[in-house]
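**Student:** Protein sequences, first through last, are from chains A and B.
So that you can map any letter, position 47 of the first sequence is 35 in my numbering, and since no number is skipped, the others follow by simple counting.
So that you can map any letter, position 51 of the second sequence is 32 in my numbering, and since no number is skipped, the others follow by simple counting.
A single structure is presented below for examination.
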Amino acid sequence: MATTTGVLARPTSYSGVWSWLTTVDHKRIGVLYGATAFIFLLIAGLEAGVLRAQLARPNSTIVDGQTFNAMFTMHATTMIFMAIMPMSVAFFNFVVPLAIGARDVAFPRLNAFSYWVFLFGALLMHTSFLVGQIPDAGWFSYANLTSRTFSPEAGLDFWAIGLLVMGASSVAGALNFTVTIINMRAPGMSLWRMPVFIWMTLLTSILLVLAFPVITVGLIELTMDRNFGTNFFNTSAGGDPVLWQHLFWVFGHPEVYILILPAMGIVSEILPTFSKKPLFGYPVVIFSGIVIAIMGWAVWSHHMFTVGLGPVANSVFTITTMLIAVPTGVKIFNWIGTMWGGSLEFKTPMLFAIGFIALFIVGGLSGVSHAVSPSDFQQQDTYYIVAHIHYVLFGGSIFGIFAGIYYWFPKLTNRMLGEGLGKWHFWLMFIGMNITFFPMHFAGLDGMPRRIYTYPVGYGWEVYNLLSSLGYVLLFVGFVMFVHNIFHSLKKGQVAGHDPWDAPTLEWSISSPPPEYNFAEIPHVRGLDHYWIVKREARAAGQPVPGPEPHAAPGSVHMPSPSYWPLVTAFGVVWIGGGMLIDVGWDYIKFPISFVGGLIAFIGVVGWANEPASAPDAHHGGHEAGHGAAH
Amino acid sequence: MGFLPFRSRNVTDGTPGSFRQVSRPGLSRVPPLALLAAMAVLALLVACSPQSNMSTWETFGPVARGQLHLFNVLLWVMVVVFVLVEGILLYAIIRYRRRPGQPLPHQTHGNMPLEIAWTIIPTILVLAVGGWSVATLFRLDQPPASAGKPLEVVVTGHQWWWEFEYPDADGAGKVISTANELRVPVNRPINITLHSDDVIHSFWVPKLAGKMDVIPTRSNKMWFQADATGTYYGQCAELCGVIHALMKFRVQVLTNAEYDTWVAGYGKAPQLSADALKGQAVFQGAGTCTVCHTASGVDNPAVVDGRVAGFNSGGAIAPGPNLTDLATRTSFAAGTVEPLNPDNLRKWINNPNDLKPSTHMAGRAKALYPDGSTKVTLSDVQVSDLVAYLMSLK
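Below, the structure written as structure tokens:
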């Protein structure tokens, strides 16, 4: 029996395509986020391949300037907004409710909505490839290169509107996780008993909610300038191109921490597990994160040292930027302190976590050298900066993400990822990453500017570029191995059991994969590293270590029911944006088309509001097909 | 010890959560060390890297030198911190690897004095370096009064070439406009004012000074001084469109005498051969070169609205490089074609896009490149005449 709300019958299936389209289960949404983000990660990686192929030799003509600009623009935009961020959100989704002892996020349907808006926004931006008008002004898209005069094609409209749509997803998701973490922790889990990953999720979510409105203002102004003749950045009418830079970097620098804090959280979970020791200086690590999240707002102009803000502004941002290195360094010391005196087991997640530390140190140090503005006058917009950001984003965020995938894959699927392939993957990535990005430091200090599609012989840049391109090959092979490992292990991986790593946090106390309701009985948290406390007490008392609780009887746990409305609403939202991109030669057609999207979104919201969270007659608590998030 | 794929035969006893294992420590520790060695070799390789036109390591003026000095000190701090922290990390990896039958390690939760120390020490360190950075920043912001009266140059960035204007080149009010090769006297501070005619560019000559952005609606200032004569390479450092990579320039640092000679000779009517005279007729034909370019005897630069302007007929700001002293330059097409000689000029005129894709020239001189073609319609003889004319512009 389906509950009807207006026109649509409530979805009832818990398997098949429709169950995925209508799911509100945080674990399934996490899988959707992760799979989508990983596909975009591969796309962005292939775009990097075009860049490395072109730059491998001087005077290369594999692609022209236009294509090259499009490739680096989409490489960075995709990596940041469609790969690393949603990959982090995949972890928020899968891990947060499990690790705080909740049955789902605070707003399950909003969670589904976030995913669909993200997916549609990403697809909308990639439609630019189909019409052959790809964004090409860089991921920072500085005005006034982005004006209609200098970028007459629609690429930047796809870019701006795609990001606006995805921004809605980010803010909705971030609000959801903020509320979830503040309100839905299991009894006994005070803030000071929250795993570090949960803390970093909370901080990231707060940053997201505060940062995205700033870029949204910029993007709307850009869209207005390009489509409706406003003059925010139009220099020929007195508009100010530097205004864009402030808006972009007031968003863009907190964004850097949005990209790295989740990875720091992941590493802070993995190091204690594989060191058999609690995190060293837990409160200090948390406070460092809080300090980073606050100070992250006071450093944006270090991206603008060469804009001509003058020595006073440059001094201020030099000092604030150098100071933010302190809490970052403190975290590194605490991670090493965690390993110190431990009993280190080098499973793949641990290797990636240690790789994260080793590479992040390099990125952090080079970061200090361009925090110093006089030194940055030479380094700004060179390959030295390209090296830096890849040490923190690839060596940092992506290594952290891989660590997390190897760590939580068994919880998600009840299968281990292959260790042998995992180690191959790690070493290829670690060595490949250093061969690709370390020479870029030298290319930059030898004066190679960023974003040039060609360079002549005789500038001394040939060797570095060739090395970088060869390193790319290793990274490529590493990714192939990883993909193979995933598919192989899904079918044939060693069965994991509920706690393969002897881990300290709550999610490992329930079965793998977790039942749809996560916890049949909400646990009472007895301290930081709750599950270690429980297991060690049992061992000390000579009792069997408590395993996962038996599955609840069907229907005994009431969970939110699946819903069509998030999908419908998200579809309407993206239609609003897509309508603005319709080009049939008559501009005014955009408005009625967008209006239809608004109507769809409105209907979606009304249907959503009138639908009860749980269908009263649904028996899904113990539904068999609802168990396996991965199947 | 199991962090290598080759040695992943660690046997666990199969119990989830167990950390008993059999492993043979040994050779597996080599690869990280080998990697470090490889990186050291790379660093050495780099230390004796070949000649580099844009290297920030070789400085020829006080601004670049001050910036490099600061970076060098930072570099040593970075190297020390890198070796120390990575060393401790590596030590921890080796020293605290799990051994068979090892009991649960001591469960420390932290060490407050240690944590206070590693917060305070880096804070002091960064504040010290920060204070010094600020001092350098202010010291290098303006040329010192002792350096003498600076030469003023107005730089205008265009998609995709550089315009250099001297409001007072000789101290007696002589106005000079040239392109893509900036000539300056040695040992004299040069004050640069930066304008943009279209989008944001960035003016950068690494061996002389760090970069400064060239932003429409703004007049950014910077300065440099060269303490040796010679050619210095520069390039736009801010993405400015499709051929951002091809927006280069040179700074020719001359002795005072050479500079004075160039200034005095600038703008004198050129000696034209019979061929060159025919070439001049092509140059001035309707819809051809003077749509964008000017040269001596066509119009003289004049100051309009505080900017040197009015190169082509009608006094509008020319969208193309001023060619008055073209034949004295060593390169053309915004530093992408080198050397400047009749052969290269002929190739350039025949099809500019062959040498510099996406350049605006063919699109604007519509009488020479009709119907969107980038191939010139002039006969070979006409091209030779034009080249003869251009080569006499000195």
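Every residue, glycine too, gets a C-beta built ideally from N, C-alpha and C.
In terms of residues, what are the limits of the alpha helix (DSSP H) holding A:W127?
**Tutor:** Locating residue 127 of chain A in the first sequence gives position 139, where the first residue counts as 1. Segment: none, A:W127 is in no alpha helix (DSSP H) and carries neither H nor E.
**Student:** For A:E35, is the classification buried or exposed, using 16 other Cβ atoms within 10 angstroms of its Cβ as the cut-off for buried?
**Tutor:** In the first sequence, counting from the first residue as 1, residue 35 of chain A sits at position 47. Answer is buried; the Cβ neighbour count reaches 16.
**Student:** Helix, strand or coil for B:T159? Go by DSSP, reduced to three states.
**Tutor:** As a position in the second sequence, residue 159 of chain B is number 178, starting the count at 1. Looking at B:T159 - three-state DSSP - the assignment turns out to be strand.
**Student:** Quick one: which chain A residues come within Cβ less than 8 Å of B:F119?
**Tutor:** Stepping through the second sequence from its first residue, residue 119 of chain B is reached at position 138. Going along chain A in sequence order, the residues near B:F119 (Cβ under 8 Å) are P299, S303.
**Student:** For B:A369, name the three-state secondary structure that DSSP assigns.
**Tutor:** Your numbering for residue 369 of chain B matches position 388 in the second sequence. The answer is helix: DSSP assigns B:A369 an H, G or I state.
**Student:** Starting from A:V380, follow its DSSP beta bridges and name the residues at the other end.
**Tutor:** One-based indexing of the first sequence puts residue 380 of chain A at position 392. According to DSSP, A:V380 bridges with nothing at all.
**Student:** Let's test the definition: count the other Cβ atoms within 10 Å of the Cβ of A:N322 and tell me whether it reaches 16, buried, or not, exposed.
**Tutor:** One-based indexing of the first sequence puts residue 322 of chain A at position 334. A:N322 is buried by the Cβ-count criterion.
**Student:** Can you grab the Cα-Cα spacing for the pair B:F184 / A:R438, in whole Å?
**Tutor:** Working through the second sequence from its first residue, we reach residue 184 of chain B at position 203. Working through the first sequence from its first residue, we reach residue 438 of chain A at position 450. Computed Cα separation, rounded: 14 Å.
**Student:** By DSSP, does B:V186 sit in helix, in strand, or in coil?
**Tutor:** For the purposes of this step, residue 186 of chain B is taken as residue 205 along the second sequence, with counting starting at 1. If DSSP states are grouped into helix, strand and coil, B:V186 belongs with the strands.
**Student:** How many Å lie between A:V167 and A:I122 at the Cα?
**Tutor:** On the first sequence, residue 167 of chain A is found 179 positions in, with the first residue counted as 1. On the first sequence, residue 122 of chain A is found 134 positions in, with the first residue counted as 1. Answer to the nearest angstrom: the Cα atoms are 37 Å apart.
**Student:** Would you mind working out which of B:Q123, B:L51, B:P86 sits nearest A:T261, comparing C-alpha positions?
**Tutor:** What you label residue 261 of chain A is simply residue 273 of the first sequence in a count that begins at 1. Checked all of B:Q123, B:L51, B:P86; the closest Cα to A:T261 is B:P86.
**Student:** Taking B:D149 as the query, report the chain A residues whose CB atoms sit under 7 Å from its CB, ordered along the chain.
**Tutor:** Taking the second sequence and counting its residues from 1, the one referred to as residue 149 of chain B is at position 168. Correct list: empty, because the minimum Cβ distance to chain A is about 23 Å.
**Student:** What first and last residue would you give for the alpha helix (DSSP H) that runs through A:S76?
**Tutor:** Counting from 1 along the first sequence, the entry for residue 76 of chain A is found at position 88. Taken as a continuous stretch (DSSP letters only), the alpha helix (DSSP H) holding A:S76 covers 73 to 87.
**Student:** Against chain B, does A:Q54 count as a neighbour if the rule is that its beta carbon must be under 8 Å from one of theirs?
**Tutor:** To locate residue 54 of chain A, count along the first sequence from 1; it is residue 66. Judged by the 8 Å Cβ criterion, A:Q54 is in contact with chain B.
**Student:** Please report whether the beta-carbon of A:M428 lies at a distance below 8 Å from any beta-carbon of chain B.
**Tutor:** Here residue 428 of chain A refers to the residue found at position 440 of the first sequence. Chain B contact via Cβ: absent.
**Student:** On the DSSP letters alone, give me the boundaries of the alpha helix (DSSP H) that B:Y213 sits inside.
**Tutor:** Here residue 213 of chain B corresponds to residue number 232 of the second sequence, with the count starting at 1. Per DSSP, B:Y213 belongs to no alpha helix (DSSP H); it is in the beta strand (DSSP E), 211 to 216.
**Student:** By how many angstroms is the C-alpha of A:V593 removed from the C-alpha of A:R(-2)?
**Tutor:** Residue numbering aside, residue -2 of chain A sits at position 10 when the first sequence is read from its first letter. Residue numbering aside, residue 593 of chain A sits at position 605 when the first sequence is read from its first letter. Rounded to the nearest angstrom, the two C-alpha atoms are 15 Å apart.
**Student:** In chain B, what lies closer than 8 Å to A:F138 by C-beta?
**Tutor:** The count along the first sequence starts at 1 and reaches residue 138 of chain A at position 150. Going along chain B in sequence order, the residues near A:F138 (Cβ under 8 Å) are Q140, D179, V180, G222.
**Student:** According to DSSP, is B:Y350 part of a helix, a strand, or is it coil?
**Tutor:** The residue you call residue 350 of chain B lines up with position 369 of the second sequence. Three-state DSSP puts B:Y350 in coil, outside helix and strand.
**Student:** Would you mind stating whether A:L39 and A:M62 have Cβ atoms separated by less than 8 Å?
**Tutor:** Counting from one through the first sequence, the residue named residue 39 of chain A turns up at place 51. Counting from one through the first sequence, the residue named residue 62 of chain A turns up at place 74. Cβ atoms of A:L39 and A:M62: not closer than 8 Å.
**Student:** In this structure, what does DSSP give as the bridge partners for B:Q235?
**Tutor:** Indexing the second sequence from 1 puts residue 235 of chain B at position 254. This sequence places Leu at residue 235 of chain B; Gln is not what is there. The partner list for B:L235 (beta bridge, DSSP) reads B:P166.
**Student:** Residues of chain A with CB closer than 8 Å to the CB of B:R64, please, in chain order.
**Tutor:** Numbered from 1 along the second sequence, position 83 holds the residue referred to as residue 64 of chain B. Inspection of the sequence shows that residue 64 of chain B is occupied by Val rather than by Arg. Those within 8 Å of B:V64 in chain A number zero; the least Cβ separation is about 11 Å.
**Student:** Against chain B, with Cβ distances strictly below 8 Å, would A:S116 count as a contact?
**Tutor:** The residue you call residue 116 of chain A lines up with position 128 of the first sequence. No, no contact with chain B.
**Student:** Between A:W127 and chain B, is any beta-carbon pair separated by less than 8 Å?
**Tutor:** Here residue 127 of chain A is taken as the residue at index 139 of the first sequence, counted from 1. It does not: the Cβ of A:W127 has no partner Cβ on chain B nearer than 8 Å.
**Student:** Tell me which residue opens and which closes the beta strand (DSSP E) that B:N172 is part of.
**Tutor:** Here residue 172 of chain B refers to the residue found at position 191 of the second sequence. Note, B:N172: beta strand (DSSP E), 171 to 177.
**Student:** Whole angstroms is fine: what's the gap from B:G291's alpha carbon to B:I157's?
**Tutor:** In the second sequence, the residue the question calls residue 291 of chain B occupies position 310. In the second sequence, the residue the question calls residue 157 of chain B occupies position 176. With a pLDDT of 40 at B:G291, under the threshold of 50, the predicted position of this residue should be treated as unreliable, and no value is reported.
**Student:** Between which residues of its own chain and B:P43 is the CB-CB distance below 7 Å, once the five residues before and five after are set aside?
**Tutor:** Locating residue 43 of chain B in the second sequence gives position 62, counting from the first residue. Within the same chain, B:P43 has close Cβ partners Q206.
**Student:** Cutting at 8 Å between CB atoms, please list the residues of its own chain near A:G227, excluding the five before and the five after it.
**Tutor:** Taking the first residue of the first sequence as 1, we reach residue 227 of chain A at position 239. Spatial neighbours of A:G227 in its own chain (CB-CB distance under 8 Å, excluding positions within 5 residues in sequence) are listed in chain order as A131, N132, D213, N219, F220, F221.
**Student:** If you run the structure through DSSP and keep just helix, strand and coil, what is A:W449?
**Tutor:** Residue mapping note: residue 449 of chain A aligns to position 461 of the first sequence, counting from 1. DSSP places A:W449 in coil when its eight states are reduced to three.
**Student:** Starting from the beta carbon of B:Q265, find every residue of chain A whose beta carbon is closer than 8 Å, and list them in chain order.
**Tutor:** If you number the second sequence from 1, residue 265 of chain B lands on position 284. Going along chain A, no residue has its Cβ under 8 Å from B:Q265, so there is no contact; the nearest lies around 30 Å.
**Student:** Compute the distance between the beta-carbons of B:A308 and B:K337, then report whether it is under 8 Å.
**Tutor:** Here residue 308 of chain B refers to the residue found at position 327 when the second sequence is read from its first residue. Here residue 337 of chain B refers to the residue found at position 356 when the second sequence is read from its first residue. No, they are not a contact pair.
**Student:** Are there 16 or more other CB atoms within 10 angstroms of the CB of B:Q140, so buried, or fewer, so exposed?
**Tutor:** Stepping through the second sequence from its first residue, residue 140 of chain B is reached at position 159. Per the 10 Å Cβ criterion, buried.
**Student:** Which word fits B:E162, buried or exposed, when buried means at least 16 other C-beta atoms lie within 10 angstroms of its C-beta?
**Tutor:** The residue labelled residue 162 of chain B in the question sits at position 181 within the second sequence. With 16 or more other Cβ atoms within 10 Å, it is buried.
**Student:** Going along the segment 104 to 132 of chain B in order, which residues come within less than 8 Å of chain A, judged by CB to CB distance?
**Tutor:** Here the close residues are T104, V107, L108, V110, G111, S114, V115, T117, L118, F119, L121, D122.
**Student:** Are the C-beta atoms of B:T174 and some chain A residue less than 8 Å apart?
**Tutor:** For this step, residue 174 of chain B is matched to residue 193 along the second sequence. B:T174 is outside the set of residues whose beta carbon lies under 8 Å from a beta carbon in chain A.
**Student:** Would you list, in sequence order, the uninterrupted alpha helix (DSSP H) runs of no fewer than 4 residues that lie entirely inside the segment 278 to 350 of chain A?
**Tutor:** 299 to 327
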